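Heads up: the protein sequence lines correspond to chains A, B and C, in order.
Mapping of the first sequence onto the numbering used here: residues 1 to 285, in sequence order.
Mapping of the second sequence onto the numbering used here: residues 1001 to 1491, in sequence order.
Mapping of the third sequence onto the numbering used here: residues 2001 to 2168, in sequence order.
All C-beta atoms in this analysis are idealised placements derived from N, C-alpha and C, irrespective of residue type, glycine included.
Please read all numbers here as calculations on a predicted model, not as lab measurements.
A quick write-up on the structure given underneath.
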Amino acid sequence: MNWGRAKTILIVMFLVTDVFLLFVLMQTKFSASKIPEKTIRETVQFLGKKQIQVQPDQISKKRIKSENIFMVNFFKEPESAAKKILGEDVITVLQNPADYEYQFESPRGKLHLHDQGFSYVSSKEAVPYNIDSLPGAEAATSFITDALQGLGFDKATVSIVNLYEQDGFYHLTAVPVCGGVNIYGINMHIVADSEGIVTLEGHWFIAGEEAKGEEETLLDITTVLTELALKHTGEPMVISEIGTAYYASDDFLGSLEITAVPIYVIKDEAGGVHLFDARVGSAIE
Amino acid sequence: MVKKVLKNLTLVCSVLLTVVLVCQIWFSSSFLPGGYDFLISGFKRHVIDPIVSLFNPGVANDFSQNFKTLYRPEKIVVNVFSQRGVFADGQEGFQEAYNTSNDIMGKLLSGELTVKSRETVDMDTYASLLKGKSLYVDYGKNCDYSLFSFNACGQAQTGFSEELSVVRDYVISLHDTIMNDVSIYVKDQKSGNVYRYIVELDKNSLDGKITELINLSPENSFLSYAFELNFHKEKADTVSKILFEPMVLMELNSTKLPAVSGRKLEDFDDNIDDEMMNTILRDFSINTRTMWRYTDLTDARVFVENDATLTLYPNGLLEYVAEDGGPGLDISKGEGGDDIYDAMNHAVDFVTTICGHLPENYFSHLRLQTDMVENTDSQGVYRICFDYLVDGVPVRHKTGDGYAHTIEIEIDNGRLKSYRQYLKFYEKSGEPEISCMAMMNAADLLVDALYKEGEPLWIQRIHLCYVENEAGTLVPQWNATINNQEHIIQE
Amino acid sequence: MSEDSLGGAMMVKKRILRIGVLLLSLILLMSLYTSVFASPEVLPETVTSTAEGYVTLLAPEQLTSSTTNKSLPIAASAPEGTVVTVYRYSYTAGNYQKVVVGEVPLESVVGSTTLFAGRTDLTPGLNKFLIRGAKDDETYTVIPFEVNVLNEGFMDRIKGVINIILAK
Chain A
1 MNWGRAKTIL IVMFLVTDVF LLFVLMQTKF SASKIPEKTI RETVQFLGKK
51 QIQVQPDQIS KKRIKSENIF MVNFFKEPES AAKKILGEDV ITVLQNPADY
101 EYQFESPRGK LHLHDQGFSY VSSKEAVPYN IDSLPGAEAA TSFITDALQG
151 LGFDKATVSI VNLYEQDGFY HLTAVPVCGG VNIYGINMHI VADSEGIVTL
201 EGHWFIAGEE AKGEEETLLD ITTVLTELAL KHTGEPMVIS EIGTAYYASD
251 DFLGSLEITA VPIYVIKDEA GGVHLFDARV GSAIE
Chain B
1001 MVKKVLKNLT LVCSVLLTVV LVCQIWFSSS FLPGGYDFLI SGFKRHVIDP
1051 IVSLFNPGVA NDFSQNFKTL YRPEKIVVNV FSQRGVFADG QEGFQEAYNT
1101 SNDIMGKLLS GELTVKSRET VDMDTYASLL KGKSLYVDYG KNCDYSLFSF
1151 NACGQAQTGF SEELSVVRDY VISLHDTIMN DVSIYVKDQK SGNVYRYIVE
1201 LDKNSLDGKI TELINLSPEN SFLSYAFELN FHKEKADTVS KILFEPMVLM
1251 ELNSTKLPAV SGRKLEDFDD NIDDEMMNTI LRDFSINTRT MWRYTDLTDA
1301 RVFVENDATL TLYPNGLLEY VAEDGGPGLD ISKGEGGDDI YDAMNHAVDF
1351 VTTICGHLPE NYFSHLRLQT DMVENTDSQG VYRICFDYLV DGVPVRHKTG
1401 DGYAHTIEIE IDNGRLKSYR QYLKFYEKSG EPEISCMAMM NAADLLVDAL
1451 YKEGEPLWIQ RIHLCYVENE AGTLVPQWNA TINNQEHIIQ E
Chain C
2001 MSEDSLGGAM MVKKRILRIG VLLLSLILLM SLYTSVFASP EVLPETVTST
2051 AEGYVTLLAP EQLTSSTTNK SLPIAASAPE GTVVTVYRYS YTAGNYQKVV
2101 VGEVPLESVV GSTTLFAGRT DLTPGLNKFL IRGAKDDETY TVIPFEVNVL
2151 NEGFMDRIKG VINIILAK
């Protein structure tokens, strides 16, 4: 037997097989990372029948991977948090760990912690803005986030999502940010005057030491849009934006640690915001 | 020559590349659901396990082995007239006494022993056997006959199923006052009848075993049964404030128990705690990808899925609660069943699974502690409890509204509605022994707390247990059962 | 000796006597005080009850009984607060002596259960006991009872006879 020739034939056969298998592997991986065009078209059609308008290019073809974020309550160690906000000269007025209730005071202000959240009141007299000298939204935001930094909140992890002025005071809502992505569900309400922060109240969490869990591929956005369509009853809707974010359920905000989960955020032109759990596709009320 | 070598190398490489690419395609998670896990677990379930069970039938019959471990008597008393040897579960000699008695009972129920005669006797006769030469086996809880028989002889139904429904204790008597026969007396708790079975047995061997056991037993010269003291009967001329079940063993002197301390899981290794939680979550079918997780203000770790919540408290309590109205976790593996036998099967299997993840042979310290009888009020609904024993003494846990067993399960027709388990280990601490108040003093306190004029307290059981308070300290206390309700007596 | 020194000695004697009487009274008072909480160590053979109802014997059931056992459970009922004590008759001393088991007397104050229980060893032959329930030193009930300890050989002979009868 001519082993030389046999080997040559075998080499050619295996190489051809390898090329074919490589092609199949690439194709599999490629298609696994993308939502088929057909699925997107059919989803758009289905939504249309339910009076929801969305453009195909608004729907990302790429399958998204994300992970849970482990977050720690800013006030997990009450005394330490109080020092950050009120300064080193803080005194403890009330300490009831059994019911999770604390009150701290310092020349800077007062801080009250309880299982429903926290509230801070500045001790200085409020100095509202003059109507004529109101700074713009951007300037105000920058000023206030600097003031938050002074109270121990890292401004890199704070995002202002809502701002309005009333009687010379600015009212803002801040949400935490992780990796450039807002975390819905957790927020604090800020009232600021021309000199700084007057009051703070709400909940606040920061990303934990091992903040991010294992990355997993999320549910297809087409599935979530279908769920939106099935739930939708009413006036025609035009979707303006589809994105991802994180969400921490408000059922658990009175906790020491929570997990923020990846969500889809679907905004419509009427100003409505629809949140869906990106792991299972259920709507978040 | 070089060309030949190159050719060979190319061939080998191309073959290897083919194998690698094929593996990549087969085991890629985009191709198979769950990737590797799907193939490996399927291979194990359908190929490996059946082969293993062929060579080791005991492994296939898990419920039988596990139930035998969990269902044990509370105590076995060897009586040689006025001499008394008490073997509590966990003490030296108990296993030998149990093997002897269970072997005889198993042979009786399976029909291996020839029954020369069977008759019913009254309770006084039953009690009087303890004054002679006998073995008294007390499980301390009622058990449906099917389970009792299954434990003794491996068969749930036998020729005695007609007359025996619920069993709690039995006596093997070597002599009666006149004839030399071996008699086995079993009381059916449901009908109240006491059956006597006279059997053919090697009496001399049993006699020798009893003598051996009594010599092995610890010094127990201050133990009397309640019936010997006539504490089980109302007095003719005065109103009794307290009465005891005839077979209650009265400890007349104060006793001492070893000091015991508890250790939580994280005392072993922080990593064990995290890994174990993931495994336990899977056992409770909680999807780690879709669950909600948080740590509440009491530092309890909470895992929430749509239908249930699993919580690990800082004191070591693991609690699973199905949502109100929710179906609960199916632990019947699709086999359903709503009688006590099925419920026990499912409960034991589930507990074995959870305990299998815990270090230090946790499972061997457990004992079933509730009555195992049909629930006539609500068919298919059962509450099954297990205690952790330290040298035969159970550990209880003080809670806000009472005292909990180490494991408490609620099952509704094969579905788990709630599960509570203290993931802690208990052992002797080496500190000085703790003195416990005398049993009669404990009885005095019971009367002070519970007695109502004209209604004597009827003590069905009374024994010592360790009570773990909220600070984690373990204190021995007396535990009395009155009207099927437990009362832990505090000094 | 001069009259003065005699008078002085008399004064000292009187003083000593007074102190002695005072001390004796104190001792008697103390012993009376303590005797409320502890029954007598010894009772005469002829002791009888001064009141009824302060103790009822529950076990043994009969005032005269036989056994082959080596120890005897004793149980009684008595009103709460009664001091119940068990005595054994001593043939050599001719009186009842308090039973001591492992250095602890077989005696206790009855609590809310109104029950008393104990166990004592038996010696071969006739064992005479007495149980006393006392409200105080003057008010008590006594119940004598006896247990005849038969040897096992005797019982075997009885059994042997019965076996023969039944075999016929």
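- From the DSSP output, in three-state form, read off A/S151 for me. At residue 151 of chain A the sequence reads Leu, which differs from the Ser that was named. Secondary structure of A/L151 (DSSP, three-state): coil.
- Output the distance between the C-alpha atoms of C/V2110 and B/L1135, rounded to the nearest integer angstrom. Rounded to whole angstroms, the separation of the alpha carbons of B/L1135 and C/V2110 is 33 angstroms.
- Query: Can you tell me whether DSSP reads B/S1082 as helix, strand or coil?
  - Reply: Correct three-state label for B/S1082: coil.
- Message: With a threshold of 8 angstroms between beta carbons, is C/A2170 in contact with chain B?
- Response: This structure leaves residue 2170 of chain C out entirely; chain C is present only between 2001 and 2168.
- Looking at the structure shown, is B/Q1024 part of a helix, part of a strand, or coil, going by DSSP? Helix at B/Q1024.
- Query: Since A/S255 meets chain B, which of its residues come closer than 7 angstroms, beta carbon to beta carbon?
  - Reply: Under the 7 angstroms cutoff, chain B gives Y1294, T1295, D1296, L1297.
- In the structure shown, what three-state DSSP assignment does C/S2108 receive? In this structure, C/S2108 counts as strand in the three-state DSSP scheme.
- Are the beta-carbon atoms belonging to C/A2117 and B/L1229 less than 8 angstroms from one another? If you check the CB distance, C/A2117 and B/L1229 come in under 8 angstroms.
- Item | Residue environment, C/A2059, which counts as buried when at least 16 other CB atoms sit within 10 Å | Looking at its Cβ environment, which holds 16 or more other Cβ atoms inside 10 Å, C/A2059 is buried.
- Task: Indicate whether A/Q53 and A/I239 have their beta-carbon atoms separated by less than 8 angstroms.
- Result: Going by C-beta atoms, A/Q53 is nearer than 8 angstroms to A/I239.
- Query: DSSP three-state call for A/G48: helix, strand or coil?
  - Reply: Here A/G48 carries a helix assignment [DSSP, helix/strand/coil].
- Task: Evaluate C/G2125 with the Cβ neighbour count: other Cβ atoms within 10 Å of its Cβ, from every protein chain shown; 16 or more gives buried, anything less gives exposed.
- Result: Counting every other CB atom within 10 Å of its CB across the protein chains shown gives C/G2125 a total below 16, marking it as exposed.
- Task: Write down every uninterrupted run of the beta strand (DSSP E) in the segment 2110 to 2152 of chain C whose length is 3 residues or greater and which is fully enclosed by it, in chain order.
- Result: 2115 to 2121, 2125 to 2134, 2140 to 2149, all fully within the segment 2110 to 2152 of chain C.
- Does the beta-carbon of C/M2010 have 16 or more other beta-carbons within 10 angstroms, so that it is buried, or is it exposed? By the neighbour-count criterion, in which 16 or more other beta carbons inside 10 Å mark a residue as buried, C/M2010 falls on the exposed side.
- Please check if any C-beta of chain B sits within less than 8 angstroms of the C-beta of C/S2112. It does; some Cβ of chain B falls within 8 angstroms.
- How should B/N1099 be labelled, buried or exposed, when 16 other C-beta atoms within 10 angstroms of its C-beta is the threshold for buried? Exposed, by the Cβ-count rule.
- Check the Cβ of A/V280 against every Cβ in chain B and list those closer than 8 angstroms, keeping chain order. Listed along chain B are T1290, each with a C-beta nearer than 8 angstroms to that of A/V280.
- Message: Going by DSSP in three states, B/L1394 sits in which element: helix, strand or coil?
- Response: Strictly speaking, residue 1394 of chain B in this sequence is Pro, with Leu absent from that position. Strand at B/P1394.
- Can you find a CB in chain A that lies within less than 8 angstroms of the CB of B/L1310? No, because no Cβ of chain A sits closer than 8 angstroms to the Cβ of B/L1310.
- Query: What do you get for A/F104, buried or exposed, if any count of 16 or more other CB atoms within 10 angstroms of its CB means buried?
  - Reply: Result: buried.
- Item | Close-in-space but distant-in-sequence residues of the same chain around A/T92 (CB under 8 angstroms, 5 per side omitted) | Excluding residues within five positions, the ones whose Cβ falls inside 8 angstroms are E79, A82, Y102, Q103, F104.
- Kindly list, in the order they appear in chain C, the residues whose Cβ is closer than 8 angstroms to that of B/K1516. Outside the displayed range of chain B (1001 to 1491) lies residue 1516 of chain B, so it cannot be described from this structure.
- Answer with buried or exposed for B/W1478, where buried requires no fewer than 16 other C-beta atoms within 10 angstroms of its C-beta. Per the 10 Å Cβ criterion, buried.
- Item | Per-residue DSSP class, three states only, for B/E1408 | In the three-state scheme derived from DSSP, where H, G and I count as helix and E and B as strand, B/E1408 is classed as strand.
- Message: Assuming B/N1102 is part of the alpha helix (DSSP H), what are its boundary residues?
- Response: Element bounds for B/N1102: 1094 to 1110.
- Query: Just to confirm, are B/Y1071 and B/L1368 a CB contact at a threshold of 8 angstroms?
  - Reply: For B/Y1071 and B/L1368, yes; Cβs fall inside 8 angstroms.
- Helix or strand or just coil, what does DSSP make of A/S66? Correct three-state label for A/S66: strand.
- Query: How many Å lie between B/N1061 and B/G1154 at the Cα?
  - Reply: Bear in mind that the predicted position of B/N1061 carries a pLDDT of just 45, short of 50, making it too unreliable to give a figure here.
- Please report how far the alpha carbon of B/I1331 lies from the alpha carbon of B/D1324, in whole angstroms. B/I1331 and B/D1324 have their C-alpha atoms some 18 angstroms from each other.
- Item | Start-to-end residues for the beta strand (DSSP E) that takes in B/L1213 | Looking at the DSSP string, B/L1213 is not in any beta strand (DSSP E); the run it does join, the alpha helix (DSSP H), is 1203 to 1216.
- Item | Which of helix, strand or coil DSSP assigns to A/G109 | Of the three classes helix, strand and coil, the one that applies to A/G109 here is strand, per DSSP.
- Task: Measuring only between beta-carbons, confirm whether B/I1025 sits less than 8 angstroms from chain A.
- Result: It does: the Cβ of B/I1025 has a partner Cβ on chain A nearer than 8 angstroms.
- B/L1310 and B/I1340 closer than 8 angstroms at C-beta: Note that the C-beta distance between B/L1310 and B/I1340 is not below 8 angstroms.
- Message: For the segment 1419 to 1450 of chain B, list every residue whose C-beta sits within 7 angstroms of some C-beta in chain C, in sequence order.
- Response: Cβ contacts with chain C: M1440, N1441, A1443, D1444, V1447, D1448.
- Query: How would you list, in chain order, the residues of chain C whose beta-carbon sits under 8 angstroms from the beta-carbon of B/M1250?
  - Reply: Within chain C, the residues near B/M1250 are A2117.
- Item | Secondary structure of C/M2011, DSSP reduced to three states | DSSP places C/M2011 in helix when its eight states are reduced to three.
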